[in-house]
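Novice:
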Amino acid sequence: MPVQYVIEEWDFRDVTLKMRPPVFIPRPETEELVELVLGDLESRSWVGADTQQTCLEVGCGSGAISLSLLRSRPQLQVLAVDQSRDAVELTAENAGRLGLEDRLQVHHLDVMKAGETLLSLCGSVSALVSNPPYLFSEDMNSLEPEISRFEDHGALDGGEDGLNTIKQILILAPQILINHGRVYLEVEPRHPARIQAWVEANVGGLCYVETRRDISGRS
């Protein structure tokens, strides 16, 4: 069993999170995603000085991304959703432990099945952030035993090309983001070029900006 589940908590940036199976365990690489979002929210050059900053997280898991953003940005409001009821309950519990529940809405919602419901819930947001399920289905068989046995496969398996949830997020994004709002995704190294080509061919109102590598050298 992963040590995070054994000791029942784990540190992510500046927050200590309660952990329990099968909720996805946040990885160190995702801390870099949070830093990127925070840097852009801080600059506000693309948001507008008088705009209320709001963020949507798709696939909140333990709440690591949302709660770390809230801890660092006292005026930020976040809506977080996850297809796993276990994840939603753990995110809400962690928000309460950290005293951040007043600025977080968390909902049990599968973005693949309830896109219209999501649109009605969130209104317009400054940023959409997600560490979605992005593994190719064929790669699920080669996961380390500790991951395969204990972590939620729904948070890992992204379908045949790893893009099922990612494509749905990108389809919804233009209807959710404010003008010049941004989408931040953690993806598989084979994905950036595929995502860029797919967005350019299929999603109006959305422009691919850049790819960044994480601490492990992955895109």
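Residues in the sequence shown are numbered from 0 upward in steps of one, following numbering that gives the first Met the number 0.
Where is the CB? At the ideal position from N, CA and C, for every residue including glycine.
(1) What's the C-alpha gap between Gly98 and Ile24?
(2) Could you check if Lys166 is buried or exposed, using at least 16 other CB atoms within 10 Å of its CB as the buried criterion?
(3) Can you give the beta carbon distance from Arg94 to Leu103, rounded, assuming they're within the 8 Å contact cut?
(4) Which same chain residues end up closer than 7 Å to Val36 when comparing Cβ atoms and leaving out the 5 residues on each side of it in sequence?
(5) How big is the Cα-Cα spacing for Gly4 and Glu88?
(6) Pick out whichever of Glu145, Met111, Cys59 has its Cα sitting closest to the Cα of Val105.
(7) Can you tell me where the alpha helix (DSSP H) with Ile64 in it begins and where it stops?
(8) Between the region 117 to 126 and the region 153 to 164, can you find at least three pairs of beta-carbon atoms closer than 8 Å?
(9) Taking DSSP as the reference, what is the three-state secondary structure of Arg181?
(10) Could you tell me the boundaries of the alpha helix (DSSP H) in which Val208 lies?
(11) Are there 16 or more other CB atoms within 10 angstroms of the CB of Asn130, so buried, or fewer, so exposed?
(12) Residues in its own chain within less than 6 Å of Tyr207 by CB, not counting five upstream and five downstream?
(13) In this structure, does DSSP put Glu88 in helix, strand or coil?
(14) Looking at the structure shown, is Asp81 part of a helix, part of a strand, or coil, going by DSSP?
Specialist: Result, derived from the coordinates:
(1) On the sequence shown, residue 98 is found 99 positions in, with the first residue counted as 1. On the sequence shown, residue 24 is found 25 positions in, with the first residue counted as 1. Rounded to whole angstroms, Gly98 to Ile24 spans 21 Å at the Cα level.
(2) Along the sequence shown, one-based indexing puts residue 166 at 167. Here Lys166 is buried: its Cβ has 16 or more other Cβ atoms, across all protein chains shown, within 10 Å.
(3) In the sequence shown, counting from the first residue as 1, residue 94 sits at position 95. In the sequence shown, counting from the first residue as 1, residue 103 sits at position 104. The residue asked about is misnamed: residue 94 is Ala in this sequence, not Arg. Going by Cβ atoms, the distance from Ala94 to Leu103 rounds to 5 Å, so yes, they are a contact pair.
(4) By 1-based counting over the sequence shown, the position of residue 36 is 37. Excluding its 5 nearest sequence neighbours in each direction, Val36 has C-beta neighbours in its own chain below 7 Å: Leu68, Ala126, Val128, Tyr183, listed in chain order.
(5) Within the sequence shown, residue 4 is the residue found at index 5, counting from 1. Within the sequence shown, residue 88 is the residue found at index 89, counting from 1. Checking the displayed sequence, the identity of residue 4 turns out to be Tyr instead of Gly. The alpha-carbon atoms of Tyr4 and Glu88 are separated by roughly 16 Å.
(6) In the sequence shown, residue 105 corresponds to position 106, counting from 1. Selected option, being the one with the closest Cα: Cys59.
(7) Working through the sequence shown from its first residue, we reach residue 64 at position 65. Residue range 63 to 71 is occupied by the alpha helix (DSSP H) that includes Ile64.
(8) At 8 Å Cβ cutoff, the stretches do not touch.
(9) Here residue 181 corresponds to residue number 182 of the sequence shown, with the count starting at 1. Three-state result, Arg181: strand.
(10) Here residue 208 refers to the residue found at position 209 of the sequence shown. Here Val208 belongs to no alpha helix (DSSP H), and DSSP marks it neither H nor E.
(11) Working through the sequence shown from its first residue, we reach residue 130 at position 131. Buried: at least 16 other Cβ atoms inside 10 Å.
(12) On the sequence shown, residue 207 is found 208 positions in, with the first residue counted as 1. Closer than 6 Å at the Cβ level, and outside the excluded window around Tyr207, lie Gln195, Val198.
(13) On the sequence shown, residue 88 is found 89 positions in, with the first residue counted as 1. It is helical.
(14) Within the sequence shown, residue 81 is the residue found at index 82, counting from 1. Reduced to three states, the DSSP call for Asp81 is strand.
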